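Protein chains: 2
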Amino acid sequence: MPQAPFVPVIPAGGAGARLWPLSRRAHPKFLLDLTGSGASLLQQTLARLGPLADRAPIVVTGVEHVEAVTAQVQSPVADAVPAPGTATSAATTDPRARILAEPSPRSSMPAIALAAALVEREEPDAVIGSFAADHLIGDQDAFAGAVTAARRAAELGYLVTLGIEPTRPATGFGYIEQGAAKTLAGSTAADRRGAEAALRAVGARPVARFVEKPDRARAERFLAAGTFSWNAGIFVVRARVLLDELAAQIPGLARGVRDIAAAHGTAEYDDVLERTWPRLTSIAIDHALAEPLAAAGKVALVPADFAWDDVGDFAALARQLREAPAAGTGAGGGPAAGDGRGDVQVLGAADVGALSSTATVYGATDRHIALVGVEGLSIVDTEDVLLVLADERAQELSRLVAGLDEQGLGHLR
Amino acid sequence: MPQAPFVPVIPAGGAGARLWPLSRRAHPKFLLDLTGSGASLLQQTLARLGPLADRAPIVVTGVEHVEAVTAQVQSPVADAVPAPGTATSAATTDPRARILAEPSPRSSMPAIALAAALVEREEPDAVIGSFAADHLIGDQDAFAGAVTAARRAAELGYLVTLGIEPTRPATGFGYIEQGAAKTLAGSTAADRRGAEAALRAVGARPVARFVEKPDRARAERFLAAGTFSWNAGIFVVRARVLLDELAAQIPGLARGVRDIAAAHGTAEYDDVLERTWPRLTSIAIDHALAEPLAAAGKVALVPADFAWDDVGDFAALARQLREAPAAGTGAGGGPAAGDGRGDVQVLGAADVGALSSTATVYGATDRHIALVGVEGLSIVDTEDVLLVLADERAQELSRLVAGLDEQGLGHLR
Chain A
1 MPQAPFVPVI PAGGAGARLW PLSRRAHPKF LLDLTGSGAS LLQQTLARLG
51 PLADRAPIVV TGVEHVEAVT AQVQSPVADA VPAPGTATSA ATTDPRARIL
101 AEPSPRSSMP AIALAAALVE REEPDAVIGS FAADHLIGDQ DAFAGAVTAA
151 RRAAELGYLV TLGIEPTRPA TGFGYIEQGA AKTLAGSTAA DRRGAEAALR
201 AVGARPVARF VEKPDRARAE RFLAAGTFSW NAGIFVVRAR VLLDELAAQI
251 PGLARGVRDI AAAHGTAEYD DVLERTWPRL TSIAIDHALA EPLAAAGKVA
301 LVPADFAWDD VGDFAALARQ LREAPAAGTG AGGGPAAGDG RGDVQVLGAA
351 DVGALSSTAT VYGATDRHIA LVGVEGLSIV DTEDVLLVLA DERAQELSRL
401 VAGLDEQGLG HLR
Chain B
414 MPQAPFVPVI PAGGAGARLW PLSRRAHPKF LLDLTGSGAS LLQQTLARLG
464 PLADRAPIVV TGVEHVEAVT AQVQSPVADA VPAPGTATSA ATTDPRARIL
514 AEPSPRSSMP AIALAAALVE REEPDAVIGS FAADHLIGDQ DAFAGAVTAA
564 RRAAELGYLV TLGIEPTRPA TGFGYIEQGA AKTLAGSTAA DRRGAEAALR
614 AVGARPVARF VEKPDRARAE RFLAAGTFSW NAGIFVVRAR VLLDELAAQI
664 PGLARGVRDI AAAHGTAEYD DVLERTWPRL TSIAIDHALA EPLAAAGKVA
714 LVPADFAWDD VGDFAALARQ LREAPAAGTG AGGGPAAGDG RGDVQVLGAA
764 DVGALSSTAT VYGATDRHIA LVGVEGLSIV DTEDVLLVLA DERAQELSRL
814 VAGLDEQGLG HLR
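As they're listed, the protein sequences go chains A and B. Position one of the first sequence corresponds to residue 1 (this note's numbering), numbered consecutively onward. Position one of the second sequence corresponds to residue 414 (this note's numbering), numbered consecutively onward.
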């Protein structure tokens with residue numbers, strides 16, 4: 001079993017422009033219940049991590065979302081999360097989660113590093129695990145097992161990621177290539193073999209490299225090779241290791257978050273944060289740490305075979321709803337399936353009548369929605385915006401959303 | 414020039430279920446401005462016929478639509494219709510149109526026959542022309558020329574129809590096959606040749622037969638043959654000829670409408686109407702008169718090459734809007750065409766943003782409508798119903814609408 005206390009970190013940022021108009025700037029994706037489960041993605045993430053945490057999870061979010069995040073953390077859904085048995089952090093005001101406000105978006109590395117710096121100040125050897133606030137994960141037991149293995153690998157000093165077993169040649173995800181003993185850090189071959197054996201003993205593997213989203217042909221080669229996993233953006237690492245490695249890569253960033261953490265709990269905190277934060281390098285953890293550390297043989301991977309999706313666009317969401325029919329499907333009226341309705345998923349209260357249609361409908365109004373002969377559409381019906389989108393073009397939505405401001409429609413974002 | 418006075422008759426019935434939810438039971442197709450012209454289909458029909466009429470047109474409509482029809486007839490748009498110069502009918506209360514109320518729908522023959530009976534009572538030799546209230550016609554001059562020719566052929570004693578030059582192998586329309594001298598009524602071959610020459614002299618031709626909507630292969634043969642026209646449901650005939658022929662085919666129906674007409678203008682009218690109307694045979698003029706008279710060599714056709722459409726469903730409407738860009742197109746916001754918008758027609762006030770989309774949008778709310786990558790869709794956005802329909806399945810809409818009642822959604826029809 002792992003020895004070091006485990007503190008989940010949840011960077012909750014990103015509007016999710018490819019899920020507009022469900023997601024808006026003021027009400028981003030992580031605050032949404034996209035699957036009709038009764039809990040938002042953030043609440044599901046907290047519920048998933050609660051039983052694994054030794055300390056209250058830290059949610060890092062934009063200052064404009066602190067109020068909404070606080071409300072969701074304190075809601076009855078979040079109450080259902082088992083409280084971490086040993087949570088004792090004096091700094092938290094809510095035992096279910098600590099919420100850190102980012103004065104402005106600086107990508108994921110500053111957010112995670114700030115949380116790591118707070119943890120390091122309190123318990124330098126603690127292991128943090130960073131998990132996106134807006135992903136879906138299917139199997140809690142498999143997830144818990146993989147996190148436990150990752151904590152043990154992190155205690156060996158590695159930056160550890162979970163590698164999701166790919167089930168199709170997805171082009172919307174990044175990939176991780178498994179390495180071998182020789183790719184690990186170590187001054188001799190024997191050292192490296194020993195390091196690999198130690199990783200294997202806890203259920204982990206060396207990582208050779210991270211790969212950006214591939215095109216279709218490359219994704220098919222990755223799938224065929226059997227040595228590539230999907231990158232779910234999950235990182236498990238000792239707080240001190242993360243900050244020391246970051247100090248070697250981007251010294252100012254590590255120094256900045258340690259300065260802010262040093263002021264936490266004091267009267268100067270807000271001043272230090274406001275002064276320091278805007279000067280931190282805006283960079284994703286992938287580029288700041290994961291890629292350079294993989295090249296240096298300091299990244300390990302725990303193979304994980306639970307269902308996972310970043311629900312990055314409406315095509316992904318439609319797939320999720322189709323594969324997990326317990327979620328939102330079957331709601332709505334209309335002729336029964338055998339009566340030529342087709343394959344229509346309904347999320348929300350919408351009353352949907354359909355003939356010969358394949359579609360996913362997100363109904364946020366009390367309007368009746370009728371579909372005839374449509375194929376592969378996502379339809380989002382809200383009070384001020386109606387979206388009709390071909391799932392196969394789902395990635396293009398962000399371009400349309402980006403154009404709203406210059407059309408004087410910025411209030412709809 | 415024609416000699417007999419000409420009285421247009423406009424049966425205004427039929428909800429237009431394949432244009433739901435634009436058309437509703439309480440607000441049927443003929444009351445709608447489907448093309449953004451500023452005038453409803455009924456108003457356009459009246460405006461088209463006004464300059465040709467010698468007496469006020471007669472609109473026959475369901476009792477529940479009399480109020481709405483009256484309002485449209487009297488609206489500023491209808492005021493723009495040139496008043497018939499010689500309109501003198503004492504029975505009319507509005508010089509722009511006489512409105513006859515049907516107590517219940519009995520298909521087109523009773524409606525047209527009742528109007529014919531009223532005309533016959535006032536001017537037995539007058540020629541009536543029956544025109545649907547909800548069709549679109551493109552070229553007023555060509556239309557006027559064809560009607561004038563049809564009036565002259567009607568004065569020869571024929572039931573005359575306009576045969577629209579087909580421009581594609583449409584499967585949604587009925588067809589009319591041209592005949593020759595031998596198909597005309599006449600006791601000798603010389604009679605028949607003479608009759609044909611008389612028809613040709615006024616620009617008309619014999620009709621061999623009426624054909625119901627064909628399948629695609631048959632429609633292609635019709636188009637290739639060059640002797641088939643589209644049946645626009647336009648009939649021009651002397652009032653007395655229509656009723657005498659009807660008396661031979663369905664005596665009770667002719668007697669019934671003559672009884673009602675005899676009571677018109679008296680205190681007994683409503684009683685006679687209420688008592689007689691429900692007993693009239695519910696039948697379309699095509700089956701009651703056009704088909705049997707064609708078989709008897711008593712139907713003539715005036716070839717007409719103006720643009721015509723019955724706008725029977727959303728596919729037809731989309732085609733109309735696309736071919737007549739002056740109508741509703743170009744409204745709405747969104748990126749310009751050159752910016753990847755695609756081909757989006759907008760009718761109504763809807764503000765539409767589109768990327769790579771082919772669609773027709775009918776916006777009756779102030780919501781922003783966003784389209785991404787959709788092809789061949791019609792989208793109707795109203796306060797209580799949203800319809801998304803694949804144009805190639807447009808005919809199936811009536812099946813969905815027919816199912817609303819049993820789903821407890823009859824109030825949406």
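Just so you know, even glycine gets a beta-carbon here, dropped at the ideal spot from N, CA and C. Quick caveat: nothing in here was measured; it's all calculated off a predicted structure.
Could you tell me the alpha carbon to alpha carbon distance between residue i and residue j, rounded to whole angstroms?
i	j	result
L597(B)	A731(B)	40 Å
T141(A)	V801(B)	Sequence check: residue 141(A) is Asp here, not Thr. Computed Cα separation, rounded: 41 Å.
R780(B)	G353(A)	21 Å
A783(B)	D381(A)	11 Å
G616(B)	V372(A)	44 Å
G138(A)	S130(A)	18 Å
R519(B)	T474(B)	11 Å
D351(A)	A201(A)	54 Å
Q74(A)	I10(A)	16 Å
A491(B)	L445(B)	Reliability fails at A491(B), whose pLDDT of 49 lies under 50, so the model's placement of it is uncertain and no value is given.
R168(A)	S642(B)	55 Å
V573(B)	L355(A)	41 Å
G13(A)	A101(A)	11 Å
A708(B)	Y362(A)	56 Å
G145(A)	L253(A)	32 Å
Q72(A)	S104(A)	21 Å
R468(B)	G639(B)	36 Å
D723(B)	I541(B)	21 Å
F443(B)	A546(B)	6 Å
A97(A)	E64(A)	17 Å
A417(B)	G570(B)	12 Å
D657(B)	V787(B)	55 Å
E819(B)	I379(A)	25 Å
Based on the DSSP secondary-structure assignment, which residues constitute the bridge partners of residue i?
i	result
Q758(B)	T773(B)
T161(A)	F235(A) and L301(A)
A101(A)	T61(A)
Q178(A)	V207(A)
R24(A)	H27(A)
G766(B)	A783(B)
I792(B)	V774(B) and V801(B)
P424(B)	V473(B)
I550(B)	W721(B)
G129(A)	P8(A) and V236(A)
S229(A)	I176(A)
Please name the residue in the options whose C-alpha comes closest to that of residue i.
i	options	result
E196(A)	R218(A), V119(A) and L301(A)	L301(A)
A594(B)	T640(B), A621(B), P441(B) and L447(B)	A621(B)
L409(A)	P21(A), V7(A), G14(A) and G16(A)	P21(A)
E480(B)	A439(B), N644(B) and L454(B)	A439(B)
G669(B)	E625(B), E658(B), T689(B) and D547(B)	T689(B)
S357(A)	P716(B), Q485(B), E809(B) and Q662(B)	E809(B)
F6(A)	Q320(A), A263(A) and D125(A)	D125(A)
F727(B)	S521(B), L790(B), L454(B) and K626(B)	L790(B)
A261(A)	L404(A), A239(A) and G172(A)	A239(A)
V59(A)	R18(A), P8(A), L34(A) and K29(A)	P8(A)
W721(B)	G576(B), L447(B), R509(B) and D657(B)	G576(B)
T188(A)	A149(A), V236(A) and G297(A)	G297(A)
T773(B)	D804(B), E536(B) and G753(B)	D804(B)
G50(A)	F143(A), I285(A), S398(A) and H411(A)	F143(A)
Fill in: Proximal residues, the region 799 to 822 of chain B versus chain A, C-beta separation under 9 Å
Under the 9 Å Cβ criterion, the region 799 to 822 of chain B contributes L799, L800, V801, L802, A803, D804, E805, R806, A807, E809, L810, R812, L813, V814, G816, L817, Q820, G821 and L822.
Discussion item. Please identify, using Cβ separations under 7 Å, the residues of the region 753 to 770 of chain B that lie next to chain A, in order along the chain.
Written reply: G766, L768 and S769
Worksheet item: Between the region 689 to 700 of chain B and the region 518 to 529 of chain B, do at least 3 Cβ pairs fall closer than 8 Å?
Response: Look at the beta carbons and you see the region 689 to 700 of chain B touching the region 518 to 529 of chain B: at least three pairs across the two are nearer than 8 Å.
Worksheet item: Relative to chain B, which residues along the region 359 to 377 of chain A have a C-beta separation below 8 Å, given in chain order?
Response: A359, R367, H368, I369, A370, L371, V372, G373, V374, E375 and L377
Worksheet item: With a cut-off of 8 Å, do at least 3 Cβ pairs link the region 667 to 684 of chain B to the region 699 to 708 of chain B?
Response: With the cut-off at 8 Å, the region 667 to 684 of chain B and the region 699 to 708 of chain B do not touch.
Practice prompt. Would you check if the region 632 to 639 of chain B and the region 565 to 573 of chain B touch, i.e. whether three or more CB-CB distances between them fall below 8 Å?
Written response: no
Worksheet item: Given 8 Å as the limit, is there contact between the region 452 to 460 of chain B and the region 753 to 760 of chain B, that is, 3 or more CB pairs closer than that?
Response: The region 452 to 460 of chain B vs the region 753 to 760 of chain B: no contact.
Item to complete: Give, in chain order, every residue of the region 435 to 467 of chain B whose Cβ lies closer than 7 Å to some Cβ of chain A.
Response: none
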